[in-house]
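Residue numbers (our numbering): 108 to 230. Glycine included, every Cβ here is placed at the ideal spot set by N, Cα and C. Report on the structure given below.
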């Protein structure tokens with residue numbers, strides 16, 4: 108499986124409240140959650156996800172609560188895969204269980220610039 112897209116960057120310790128703020132947990136449809144993906148990190152991010160489909164992060168991405176809403180919101184917002192220095196274990200497992208590809212890549216956050224075109228080969 109190969110994914111291609113532009114990189115959207117975020118930093119270290121991005122928690123699930125930043126990925127999908129708690130006030131949206133009452134939403135039940137994945138498309139509704141998707142409209143607010145990463146809003147807690149930067150209010151402009153939800154509008155960027157359609158254009159930037161490979162999320163690149165630093166260490167401990169997805170820390171915080173164990174909510175499945177976080178990877179679900181990213182997946183339905185159009186994020187094709189997440190590359191990070193490391194993931195919080197519960198986020199990693201939730202993403203795998205929901206079919207969102209997540210890859211730990213040492214040095215990725217220092218090598219990728221937001222907007223870079225990426226090709227990710229999972230084979």
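task: Have a look at residue 131 and residue 151 and give me their C-alpha separation to the nearest angstrom.
output: The residue you call residue 131 lines up with position 24 of the chain shown. The residue you call residue 151 lines up with position 44 of the chain shown. Going from the Cα of residue 131 to the Cα of residue 151 covers about 17 Å.
task: Specify the secondary structure class of residue 199 as computed by DSSP and reduced to three states.
output: Stepping through the chain shown from its first residue, residue 199 is reached at position 92. Three-state result, residue 199: helix.
field: Cβ distance (whole Å) where residue 123 is taken to contact residue 172 below 8 Å
entry: As a working note, residue 123 is residue 16 in the chain shown. As a working note, residue 172 is residue 65 in the chain shown. Indeed, because the Cβ distance is near 5 Å, the residues count as touching under 8 Å.
query: Can you tell which of 144, 219 and 215 has its C-alpha closest to the C-alpha of residue 176?
result: Walking along the chain shown from the start, residue 176 turns up at place 69. When only C-alpha atoms are compared, the closest one is 144.
- request: Take residue 108 and list the residues in its own chain whose beta-carbon comes closer than 6 Å to its own, dropping the five residues that flank it on each side.
  value: Indexing the chain shown from 1 puts residue 108 at position 1. Within the same chain, residue 108 has close Cβ partners 229.
Residue 236 (DSSP reduced to helix, strand or coil): There is simply no residue 236 to check, as the chain begins at 108 and stops at 230 in what is shown.
task: Would you give the residue range spanned by the alpha helix (DSSP H) that residue 111 belongs to?
output: Counting from 1 along the chain shown, the entry for residue 111 is found at position 4. Where residue 111 is concerned, there is no enclosing alpha helix (DSSP H), although the beta strand (DSSP E) it sits in stretches over 109 to 116.
Endpoints, beta strand (DSSP E) assigned at residue 211: Within the chain shown, numbered from 1, the residue matching residue 211 stands at position 104. Note, residue 211: beta strand (DSSP E), 209 to 211.
query: Between which two residues does the beta strand (DSSP E) harbouring residue 225 extend?
result: Taking the chain shown and counting its residues from 1, one reaches residue 225 at position 118. First-last of the beta strand (DSSP E) with residue 225: 224 to 228.
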